[in-house]
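S.K.:
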Amino acid sequence: MPHVDDHGVKLWYRIKGSGEPLVLSGGFGLLHNQFDYVVDILAKGFQVIDWHYRGAGESDRAWAGGYTLDRWVDDLEVILAHLNVKNAHLWGTSTGAPLSIRYAARYPQRVKSLIVYPSFKAGVASRKMFQVFLDITETFGYEALARFTSWIGCADQNVFSQIGNELALFEAEAFKRNFSIESLAKTLEVFTHIDLTSDLEKIKVPTLLLLGDSGQLGGKKTATAEAMRLFCAHCPQAQAVQIPDGGGTYCMIEKPRESAQEVINFLRGLV
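Encoded structure:
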């Protein structure tokens, strides 16, 4: 599988399709697998770039440096420079959203548009949630974490259904591939203390907030609605689209065609 070497650290990437580059950044446990159900749809019209930052997935795990958001953002820059990508559209969800936001703020000349879940500032609830992730994983393992995160991520109607069960199994297998339990605390620590409010104010490109309207992280929840409001207050060109009956950060898994079409419509509508 393709890698780029950054001073002895191998960074994984994968390309599908052709056209304008579209970089996908998923959550800490799913990584590129979060977009498994939309990637082939998107690749019909775009050059879709999946990637893994150091310490996770198919990139080098044995890395002694400190885990930081900026280090991971620079990993994406290394990959895009290696691929000679002058600028790209970014789609990030879950913890992939802060990565995409920070990249757009630090490398504005590299970004044509931004599509994200409105996750830009960690609060008390986020810190408690990440601590629960850590406690569950260290005590009970990947499968238990997947049961919990699938409940948080998926739409309300799927929580106790066969779909929800299949999603948890899908997540558990992805988790085993994409992160080590030993590195989880370091990874979650990065996202526990983010505040990208000032980054939002630097973003001038067309921006789409894309999320499902259902579930614990859906747009119908008060906390998510407030996050969208604050995001748009600091990034006034942002517009929001909610996928009906899709989970907040899992709409691309539960409603792949609808989610992909919204992304395609947004990108095709750019002047």
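All residue numbers for the sequence shown refer to my numbering, where the first residue is 35 and numbers rise by one.
Built from N, CA and C at the ideal position, the CB exists for glycine as well.
Computed from a prediction, not measured in an experiment: that's the story for all the values here.
(1) Since residue 276 sits in a beta bridge, which residues does DSSP pair it with?
(2) At 4 residues or longer, and completely inside the segment 154 to 230: list those alpha helix (DSSP H) runs for me, N to C.
(3) Considering residue 108, what are the terminal residues of the beta strand (DSSP E) in which it resides?
(4) Given a threshold of 16 other Cβ atoms within 10 Å of its Cβ, counted over all protein chains shown, does residue 304 qualify as buried or as exposed?
(5) What is the rounded straight-line gap between the Cα of residue 56 and the Cα of residue 299?
(6) Could you name the residues that DSSP lists as bridge partners for residue 45?
(7) Pair every Cβ in the segment 264 to 283 with every Cβ in the segment 147 to 160, then say whether three or more of these pairs are closer than 8 Å.
(8) Could you pull out every residue in the same chain whose Cβ sits closer than 6 Å to the Cβ of residue 235, ignoring the five residues on either side in sequence?
(9) Residue 295 lies in the alpha helix (DSSP H); which residues open and close that run?
(10) Count the other CB atoms, across all protein chains shown, that sit within 10 Å of the CB of residue 260; report buried if there are 16 or more and exposed otherwise.
(11) Please report the distance separating the alpha-carbon of residue 132 from that of residue 117.
M.R.: On the basis of the coordinates in this document:
(1) The partner list for residue 276 (beta bridge, DSSP) reads 245.
(2) If we require 4 residues or more, the alpha helix (DSSP H) runs fully inside the segment 154 to 230 come out as 158 to 174, 176 to 187, 196 to 212 and 215 to 226.
(3) No beta strand (DSSP E) holds residue 108; the alpha helix (DSSP H) holding it covers 103 to 116.
(4) Residue 304 should be labelled exposed.
(5) Rounded to whole angstroms, the gap between the alpha carbons of residue 56 and residue 299 is 14 Å.
(6) In DSSP, residue 45 forms a bridge with 38.
(7) Three or more pairs of CB atoms, one per stretch, sit closer than 8 Å, so the segment 264 to 283 contacts the segment 147 to 160.
(8) Around residue 235: 268.
(9) That run of the alpha helix (DSSP H) goes 290 to 302.
(10) Residue 260 is exposed by the Cβ-count criterion.
(11) The alpha-carbon of residue 132 is positioned some 23 Å away from that of residue 117.
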